[in-house]
Amino acid sequence: MTTTSIVTNIPDGITDEMLLAVMHTHNIMIECLAPDHRASELRSGDPAGEGPCTYDITATTPVGTNMTYPLTLIKRSDGLDSCVEPRTPMGSLKIAAQWRIKGEQLVEEITIGLC
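Residues in the sequence shown are numbered consecutively from 1, following full-length UniProt numbering.
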């Protein structure tokens with residue numbers, strides 16, 4: 001597994017509460033994490049609650065076929081956890097990320113590996 005960190009300065013005028021509200025709005029995060037998706041359907045969980053929610057994401061591949069894969073989002077008091085597990089012709093991937101507000105920065109720790 002490979003882990004990468006991305007640190008982004010939070011722009012002036014954006015409060016922690018504003019950023020958390022965006023991260024905790026699942027349809028916004030689905031757009032950010034799967035911008036090429038055609039559809040998303042809640043498989044389990046309650047988006048208004050605090051527990052994990054798993055969505056089936058349907059996206060169009062570069063060769064024009066559709067693929068559906070699970071995306072799990074978990075709200076945290078200081079951010080969000082996400083996990084995507086797409087299956088590709090080369091094998092199954094697992095892309096897990098932890099998004100955290102730390103001071104004046106948004107820190108994302110991303111781990112990518114084969115399942």
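The C-beta atom is built at its ideal place from N, Cα and C for all residues, glycine as well.
All figures in this text were calculated on a predicted structure; none of them were measured in a lab.
| Check | Outcome |
| --- | --- |
| Which runs of the beta strand (DSSP E), 3 residues or longer, sit entirely within the segment 29-96? | 37-44, 53-60, 66-76, 79-84 |
| Note down the Cα distance separating residue 49 from residue 61, rounded to an integer number of angstroms. | 32 Å |
| Name the residue from 29, 57, 99 whose alpha carbon lies nearest to the alpha carbon of residue 87. | 57 |
| Alpha carbons only, please: which of 67, 105, 26, 14 is nearest the one belonging to residue 47? | 26 |
| Nearest to residue 101 by alpha carbon, out of 19, 11, 4? | 19 |
| Throw me the rounded Cβ distance for the residue 99 and residue 71 pair, which I believe falls under 8 Å. | Incorrect: roughly 14 Å between the Cβ atoms, too far for contact. |
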